[in-house]
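A short write-up of the structure that comes next.
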Amino acid sequence: MVEKPDYYSIKHWLTTTNHKDIGILYLFTSLYFLMVGGSLALLFRLQLAFPWLNILDASAYNQAVTMHGLIMVLWAVSPLAFAFANYLVPLQIGARDLAFPRLNALSYWLYLFSGLLAAVTFFIPGGAPDVGWTYYAPLSTARFSPQPGVTLAGLALVMLIASVTVSTINFIVTVATMRAPGLGWSKIPMFTWSILFTVLLMLFAFSPLAAGVLLLAVDRVFGTAFYTSPEGGTFLWGHLFWFFGHPEVYIVLMPALGIIGDVIETFTRKPLFGRKYILLSMAAASFISFIVYVHHMFNTGMHPIVREVMSLTTESISVPFGIIMLSFIFSLYKAKIKVTTPFLFAIGSIFLFIIGGITGVFNSSIPLNHLIRGTYWVVAHLHYAMVGATLFGLLAGLYYWYPKMTGRMYNERLGKIHFAIAFIGFNVLYLPMFIIYDMPRRVYTYSVPEWIPFNQLETLGGYIFGISFLLLVYNFYKSYRVGAPAGNNPWGGWSLEWLTQSPPPPHNFDFEPVITGDQVTLYTNGGQPEPHIEHMTSLPMYLSLGVFVTFLGFVISTPLFIIGVILTLAVLAKWMWSDVLNKFVIPEPVKSERWPFENTSKLKLGVWILVITEAMLFAGLIGAYSLIRVNMMGEWPPGPLVHDVRLGGINTIVLLTSSLTVALAVAYSKFGNERNILLSLLASLGLAGLFIGIKAIEWSELFAEGFTLTSSLAASTYYVLTSVHAAHVLGGMIVMLYLITKVLKGGYKSGGYEGVENFGIYWHFIDIVWIFLFALFYLL
Amino acid sequence: MLFKTILEIPGEPAFTWYSLFQLYFSLGFAIGVVVLGLMFYFIYRYREDRSTESEDIKPGRIPTERGNLKVILGFLGITAIVLYSLTIYSIPLTSYIEDVPEGDDVIVIDVIGFQWGWRFIYPNGTESVGEVKVPVGKTVVFRVTSLDILHNFKIRDFRTGVDAVPGAYTYIWISPHEPGEYIIQCYELCGVGHANMVAKLIVG
Amino acid sequence: MEAENIIKMYTLIWVLLVVFTIVEVMMIAMAFPPVFILLGVIGLASLKAVFIALYYQHLKYDDIAISWFYLMALFFAIFIVIVFTGGSGVWPIQ
Ligand code: HEM
Ligand SMILES: [Cu+2]
Ligand SMILES: [Cu+2]
Numbered sequence: 203m204v205e206k207p208d209y210y211s212i213k214h215w216l217t218t219t220n221h222k223d224i225g226i227l228y229l230f231t232s233l234y235f236l237m238v239g240g241s242l243a244l245l246f247r248l249q250l251a252f253p254w255l256n257i258l259d260a261s262a263y264n265q266a267v268t269m270h271g272l273i274m275v276l277w278a279v280s281p282l283a284f285a286f287a288n289y290l291v292p293l294q295i296g297a298r299d300l301a302f303p304r305l306n307a308l309s310y311w312l313y314l315f316s317g318l319l320a321a322v323t324f325f326i327p328g329g330a331p332d333v334g335w336t337y338y339a340p341l342s343t344a345r346f347s348p349q350p351g352v353t354l355a356g357l358a359l360v361m362l363i364a365s366v367t368v369s370t371i372n373f374i375v376t377v378a379t380m381r382a383p384g385l386g387w388s389k390i391p392m393f394t395w396s397i398l399f400t401v402l403l404m405l406f407a408f409s410p411l412a413a414g415v416l417l418l419a420v421d422r423v424f425g426t427a428f429y430t431s432p433e434g435g436t437f438l439w440g441h442l443f444w445f446f447g448h449p450e451v452y453i454v455l456m457p458a459l460g461i462i463g464d465v466i467e468t469f470t471r472k473p474l475f476g477r478k479y480i481l482l483s484m485a486a487a488s489f490i491s492f493i494v495y496v497h498h499m500f501n502t503g504m505h506p507i508v509r510e511v512m513s514l515t516t517e518s519i520s521v522p523f524g525i526i527m528l529s530f531i532f533s534l535y536k537a538k539i540k541v542t543t544p545f546l547f548a549i550g551s552i553f554l555f556i557i558g559g560i561t562g563v564f565n566s567s568i569p570l571n572h573l574i575r576g577t578y579w580v581v582a583h584l585h586y587a588m589v590g591a592t593l594f595g596l597l598a599g600l601y602y603w604y605p606k607m608t609g610r611m612y613n614e615r616l617g618k619i620h621f622a623i624a625f626i627g628f629n630v631l632y633l634p635m636f637i638i639y640d641m642p643r644r645v646y647t648y649s650v651p652e653w654i655p656f657n658q659l660e661t662l663g664g665y666i667f668g669i670s671f672l673l674l675v676y677n678f679y680k681s682y683r684v685g686a687p688a689g690n691n692p693w694g695g696w697s698l699e700w701l702t703q704s705p706p707p708p709h710n711f712d713f714e715p716v717i718t719g720d721q722v723t724l725y726t727n728g729g730q731p732e733p734h735i736e737h738m739t740s741l742p743m744y745l746s747l748g749v750f751v752t753f754l755g756f757v758i759s760t761p762l763f764i765i766g767v768i769l770t771l772a773v774l775a776k777w778m779w780s781d782v783l784n785k786f787v788i789p790e791p792v793k794s795e796r797w798p799f800e801n802t803s804k805l806k807l808g809v810w811i812l813v814i815t816e817a818m819l820f821a822g823l824i825g826a827y828s829l830i831r832v833n834m835m836g837e838w839p840p841g842p843l844v845h846d847v848r849l850g851g852i853n854t855i856v857l858l859t860s861s862l863t864v865a866l867a868v869a870y871s872k873f874g875n876e877r878n879i880l881l882s883l884l885a886s887l888g889l890a891g892l893f894i895g896i897k898a899i900e901w902s903e904l905f906a907e908g909f910t911l912t913s914s915l916a917a918s919t920y921y922v923l924t925s926v927h928a929a930h931v932l933g934g935m936i937v938m939l940y941l942i943t944k945v946l947k948g949g950y951k952s953g954g955y956e957g958v959e960n961f962g963i964y965w966h967f968i969d970i971v972w973i974f975l976f977a978l979f980y981l982l
Numbered sequence: 255m256l257f258k259t260i261l262e263i264p265g266e267p268a269f270t271w272y273s274l275f276q277l278y279f280s281l282g283f284a285i286g287v288v289v290l291g292l293m294f295y296f297i298y299r300y301r302e303d304r305s306t307e308s309e310d311i312k313p314g315r316i317p318t319e320r321g322n323l324k325v326i327l328g329f330l331g332i333t334a335i336v337l338y339s340l341t342i343y344s345i346p347l348t349s350y351i352e353d354v355p356e357g358d359d360v361i362v363i364d365v366i367g368f369q370w371g372w373r374f375i376y377p378n379g380t381e382s383v384g385e386v387k388v389p390v391g392k393t394v395v396f397r398v399t400s401l402d403i404l405h406n407f408k409i410r411d412f413r414t415g416v417d418a419v420p421g422a423y424t425y426i427w428i429s430p431h432e433p434g435e436y437i438i439q440c441y442e443l444c445g446v447g448h449a450n451m452v453a454k455l456i457v458g
Numbered sequence: 712m713e714a715e716n717i718i719k720m721y722t723l724i725w726v727l728l729v730v731f732t733i734v735e736v737m738m739i740a741m742a743f744p745p746v747f748i749l750l751g752v753i754g755l756a757s758l759k760a761v762f763i764a765l766y767y768q769h770l771k772y773d774d775i776a777i778s779w780f781y782l783m784a785l786f787f788a789i790f791i792v793i794v795f796t797g798g799s800g801v802w803p804i805q
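Protein chains in written order, with our numbering: chain A, 203 to 982; chain B, 255 to 458; chain C, 712 to 805.
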């Protein structure tokens with residue numbers, strides 16, 4: 203039997219890798235950030251209700267608004283959805299855990315420390331960033347916002363992107379390869395589907411943002427001019443930010459839609475109306491969300507055709523959402539509805555989403571947008587969508603799964619009262635914003651007297667809404683101690699999470715769920731649960747702490763920075779060493795349903811997903827290159843005039859040859875020829891080193907000619923893109939060292955040389971990137 | 255405020271803007287009411303105690319598909335028709351609002367946004383900060399740019415505005431009918447002075 | 712495939728890649744019209760990338776779904792380049 207972990211020990215929570223524990227950690231952390239972000243809002247709402255009192259001055263107000271937006275979008279609402287995702291996705295698909303439990307812990311710790319890093323900015327000189335959550339450049343550059351907080355929060359964002367990337371890999375691989383036998387795609391519950399869409403959106407959206415933040419950081423730290431010169435400037439940031447920013451709002455929304463689907467199915471006691479079409483619509487909306495983002499730049503005077511096309515695509519995105527909402531509503535038709543708290547929150551979410559969606563259609567009309575941009579209309583719209591639709595949906599999930607997570611029922615009456623107060627408070631808060639919709643957003647004061655009563659009403663609503671959450675806290679706290687036992691399945695839900703105990707055991711199921719047709723069968727293995735190994739490790743926590751200290755030190759104190767770097771490197775080395783010794787091996791699931799990845803191992807799929815995020819990073823960077831180059835026109839010197847094409851060509855061939863040797867290493871690993879594997883890897887390592895060496899020579903020559911990092915925008919672009927690439931080469935060299943050590947230590951004795959093959963995928967990708975960089979910078 | 259009476263509207267393009275807004279608003283409102291009404295009716299009608307339907311969700315039983323393609327295609331058709339007709343209707347209005355009017359009686363005024371204020375340069379070269387005077391009954395084009403960072407030049411009573419982009423020109427126009435004083439304000443966060451980055455538009 | 716053949720194939724691909732690179736560099740030395748160079752260079756680079764992806768990264772022999780991911784990223788990359796350039800700044804009216 204598996205021992206029950208000691209949930210009261212702090213050590214357990216610092217070292218756990220179990221997906222349910224991580225889910226709980228995400229839950230509490232995100233609720234904490236929700237509280238922080240909410241308090242900031244209540245603070246600045248007070249200022250808006252009494253603008254003449256100057257409760258906050260302009261700077262404090264801007265800091266509060268900025269941090270409110272950043273924290274709510276990135277560190278509160280989305281992670282709250284991931285609390286459920288962590289807890290429930292493995293349960294819903296009948297898996298024992300996520301594909302990479304240790305990496306999952308890493309996601310969490312990176313998330314926590316990145317949030318703390320963002321929050322720390324309040325306490326450093328110059329204060330928190332005050333440039334708006336959209337971080338618009340050039341306002342966010344060092345010339346206009348020199349305070350270190352802006353850099354620090356940018357680094358926090360980078361850390362968060364790392365966390366999100368790791369989660370993305372984990373969840374895609376889990377859902378793709380670890381479903382219970384017979385659980386085909388069409389049988390997966392709505393919530394898991396919605397998480398799949400969410401992570402797919404994350405996969406393509408977050409890395410281009412990393413590119414944008416990277417350029418901003420380079421601007422701020424090394425004095426380049428990507429965002430201060432008109433050739434890059436506000437357009438460069440606008441594109442890089444909103445290519446992420448629009449999908450991000452669907453990243454926030456999607457999980458709520460999944461929860462609503464599950465909740466409606468359970469409480470109407472009927473299958474969803476047009477479930478297949480809802481899923482198709484979600485897929486369509488996810489895709490379209492990448493091709494609409496220019497609607498945030500309608501006022502910029504950009505080429506009208508780009509804007510008109512994006513206006514059309516934006517309207518198009520409302521079509522799938524219309525189908526989703528109407529299908530949800532028609533799911534109530536001929537049903538047998540049990541009106542419970544989760545159901546009320548789900549209905550409330552649909553109600554508010556419809557208002558949010560309809561007002562979004564106004565925004566996407568370019569003529570209307572000439573007024574709407576920058577007004578409280580947008581504020582109202584986005585809060586109806588993000589707080590109304592999303593947060594209410596997530597609260598539905600919180601009530602819905604509370605009995606599963608705790609084993610106890612909450613107080614239904616208090617829950618309903620909470621819903622009523624929250625719903626009223628919400629509408630008192632945001633509805634008046636539609637009435638005074640031409641008021642500018644992000645102002646700490648205003649001099650139009652008619653706006654005052656409405657603002658005061660809104661503030662009142664805000665406090666009602668905020669205070670209503672005390673009911674939730676009280677209800678959950680009380681019920682956790684004295685609530686009636688919930689049993690396995692208090693709601694009569696159909697999906698797998700309801701078939702196991704509440705709360706589920708560490709290994710999730712005492713049985714093996716197998717699906718045949720539409721029937722779940724539970725094989726009990728003669729009462730013996732499949733052994734589940736808990737891998738306790740503190741490495742993810744220390745690694746994230748190391749990055750936290752590094753970033754903090756980078757901005758505020760050099761000794762701290764050095765400590766951080768040492769800590770990070772030490773933990774990384776330890777982690778690699780434990781992998782060399784195979785301390786942590788999760789067997790490939792044997793019987794799982796894994797179409798269309800039957801021939802792809804978990805690890806390989808994970809590496810591929812990583813490669814895709816890297817591809818999007820370079821897509822963002824190359825997008826920046828093309829934008830700048832088009833804007834600079836004749837001022838951009840053609841490559842052959844600046845660079846030594848022949849040396850560059852030789853270096854390209856060096857890298858191509860290293861790809862050949864890596865490919866050969868993979869080939870030899872297929873035949874188990876260990877000596878040749880080692881030789882090929884050593885050759886690749888040497889060639890990679892040669893590549894870096896030649897690059898160093900090129901750079902020093904360029905520097906000598908006065909082509910330096912800041913000498914022109916063209917030069918800055920060249921150096922940043924090639925050094926990002928070179929950093930990947932260096933990273934690859936470290937992995938090669940690791941592989942060589944592992945082969946030498948006999949780490950691959952038991953099985954094939956999977957690590958070598960997966961590294962190959964990554965290394966060839968770096969080669970492909972270089973082929974394009976060579977063409978773009980040297981040849982054109 | 256949400257709506258204004260004709261008398262309160264000081265001139266173009268606000269008339270056009272309001273007519274378009276009203277179209278969106280009435281359609282949006284009507285659709286919202288119908289859809290939400292339907293939702294509440296269903297909840298009322300099919301509540302546990304009133305409904306005679308069976309319970310088809312069973313533990314460990316994958317739900318079957320419900321609903322049919324025709325209804326879904328109906329949803330698709332209705333939303334697509336409403337949305338695309340609105341957009342297509344908007345397209346000529348976009349060029350109406352964005353195309354820069356030309357002619358002898360068009361006055362072109364240069365606007366330079368800076369942290370934190372607006373500088374105006376009249377056709378005859380005189381400059382003023384924080385205040386711009388224009389005549390009634392003529393079309394005025396504002397050629398907008400910025401000295402430092404992104405601002406947004408908005409004349410809310412005329413329902414129009416455009417970004418002030420450093421290093422480039424953007425254009426908006428108004429043609430005021432009503433003499434009076436109107437507010438020009440920055441609508442894009444631009445630092446601590448943002449809330450007070452206002453100027454006066456004096457028509458008359 | 713036999714060990715010999717795989718190694719032969721990889722080496723052959725490498726020869727192709729090197730030849731393409733040399734052609735690229737030589738194209739620059741000759742005075743072709745700029746559009747020709749642009750298309751030629753991007754075309755050859757893409758061809759090289761396709762070879763690496765299909766053979767070195769084994770896309771040709773792996774689950775087809777992985778290629779979908781790759782194609783998706785490619786689509787977004789092209790989309791980004793087009794929209795970033797098309798909307799790279801203020802549209803000059805006058
Ligand atoms: C369903 C149809 C939707 C449409 C047609 C739509 C359209 C738009 C448009 C055109 C804007 C730009 C307004 C402006 O700044 O001028 C906007 C802003 C915004 N929307 Fe939506 N939207 C929709 C749904 C959503 C959803 C579901 C969410 C979030 C869950 C959302 C969140 C936001 C946010 C956060 C902003 C403002 C970003 C900022 O400037 O800070 N929208 N929307
Ligand atoms: Cu958007
Ligand atoms: Cu401003």
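Yeah, the Cβ is synthetic: ideal placement off N, Cα and C, and Gly gets one too.
Determine which residues of the stretch 252 to 265 of chain A have a Cβ less than 7 Å from any Cβ of chain B, and write them out in chain order. Those residues of the stretch 252 to 265 of chain A that come within reach of chain B (Cβ to Cβ, closer than 7 Å) are A260, S261 and N264.
Please state whether the Cβ-Cβ distance between E435(B) and I456(B) is less than 8 Å. Translated into the one-based positions of the second sequence, residue 435(B) becomes position 181. Translated into the one-based positions of the second sequence, residue 456(B) becomes position 202. Against a cut-off of 8 Å, the Cβ pair of I456(B) and E435(B) comes out as a contact.
Quick check: the Cα distance between Y646(A) and N264(A), rounded to an integer number of angstroms? Numbered from its first residue, the first sequence carries residue 646(A) at position 444. Numbered from its first residue, the first sequence carries residue 264(A) at position 62. Approximately 8 Å between the Cα atoms of the pair.
Work out the CA separation of V752(C) and L812(A) for me, nearest whole Å. If you number the first sequence from 1, residue 812(A) lands on position 610. If you number the third sequence from 1, residue 752(C) lands on position 41. If I take the Cα positions, the gap works out to 28 Å.
Taking 8 Å as the limit between beta carbons, can you name the residues of its chain near H448(A), skipping five residues before and five after? Position 246 of the first sequence holds residue 448(A). Excluding the 5 residues flanking it on each side, H448(A) has same chain C-beta neighbours closer than 8 Å at S491, F492, V494, Y495, H497 and H498, in chain order.
P676(C) burial status per 10 Å Cβ neighbour count (16 or more: buried): In the structure as shown, chain C begins at 712 and stops at 805. Residue 676(C) is therefore absent and cannot be evaluated.
Between G754(C) and chain B, is there a C-beta pair that is closer than 8 Å? To locate residue 754(C), count along the third sequence from 1; it is residue 43. Chain B contact via Cβ: absent.
Beta-carbon spacing of E800(A), T348(B) below 8 Å: Position 598 of the first sequence, counted from the start, is the residue given in the question as residue 800(A). Position 94 of the second sequence, counted from the start, is the residue given in the question as residue 348(B). It is not a contact, given that the beta carbons lie outside the stated cut-off.
What is the rounded straight-line gap between the Cα of A364(A) and the Cα of V541(A)? In the first sequence, residue 364(A) corresponds to position 162, counting from 1. In the first sequence, residue 541(A) corresponds to position 339, counting from 1. In this structure, the alpha-carbon of A364(A) lies about 41 Å from that of V541(A).
Looking at the C-beta of A268(B), does it have a partner C-beta in chain C at a distance below 8 Å? Taking the first residue of the second sequence as position 1, residue 268(B) is located at position 14. Not one beta carbon of chain C lies nearer than 8 Å to the beta carbon of A268(B).
By Cβ distance below 8 Å, which residues in the same chain neighbour K806(A) in space, the five residues on each side in sequence not counted? On the first sequence, position 604 is the one that residue 806(A) refers to. Here the set comprises E956, E959, N960 and I963.
Measure how close the beta-carbons of H505(A) and G797(C) come, nearest whole angstrom, since I'm counting them as under 8 Å. One-based indexing of the first sequence puts residue 505(A) at position 303. One-based indexing of the third sequence puts residue 797(C) at position 86. Indeed they touch by this definition, with Cβ atoms about 6 Å apart.
Exposure label - W725(C); buried when at least 16 CB within 10 Å: On the third sequence, residue 725(C) is found 14 positions in, with the first residue counted as 1. Classification of W725(C): buried, given that the 10 Å Cβ count is 16 or more.
How far does the alpha helix (DSSP H) with Q369(B) in it extend, from its first residue to its last? Locating residue 369(B) in the second sequence gives position 115, where the first residue counts as 1. In the DSSP annotation of this structure, Q369(B) is not part of any alpha helix (DSSP H), being labelled neither H nor E.
Applying a beta-carbon distance threshold of less than 7 Å, which residues of chain A neighbour K759(C)? Within the third sequence, numbered from 1, the residue matching residue 759(C) stands at position 48. Ordered by position in chain A, the residues that pass the 7 Å Cβ test against K759(C) are I973.
To be precise: take each residue of the stretch 775 to 800 of chain C, compare its Cβ to all Cβ atoms of chain B, and keep it if any distance is under 7 Å. Which residues remain? Answer set for the stretch 775 to 800 of chain C: G800.
What does a CB cutoff of less than 6 Å around Q805(C) pick up in its chain, not counting 5 residues either side in sequence? Along the third sequence, one-based indexing puts residue 805(C) at 94. Its pLDDT being 49, under 50, Q805(C) is placed unreliably by the model, and the measurement read from it follows with that caveat. If we look at Q805(C) and ignore the five residues flanking it on each side, it has no Cβ neighbours.
On a Cα-Cα basis, can you pick out the residue from Y228(A), A688(A) and Y679(A) that is closest to L190(A)? Summary: the structure shown does not reach residue 190(A), with chain A confined to residues 203 through 982, and so no result is reported for it.
Comparing the CB of H441(A) with every heavy atom of ligand 2, is any distance shorter than 7 Å? Looking up residue 441(A) in the first sequence gives position 239. The answer is no for H441(A).
Partners in chain C for E800(A), counting only beta-carbon separations shorter than 8 Å: The count along the first sequence starts at 1 and reaches residue 800(A) at position 598. Here the neighbours are D774.
Along chain A, in chain order, which residues have C-beta atoms closer than 8 Å to that of A742(C)? Start at 1 with the first residue of the third sequence, and residue 742(C) comes out as number 31. Close partners of A742(C) in chain A (Cβ separation under 8 Å) are lacking, with about 12 Å as the shortest Cβ gap.
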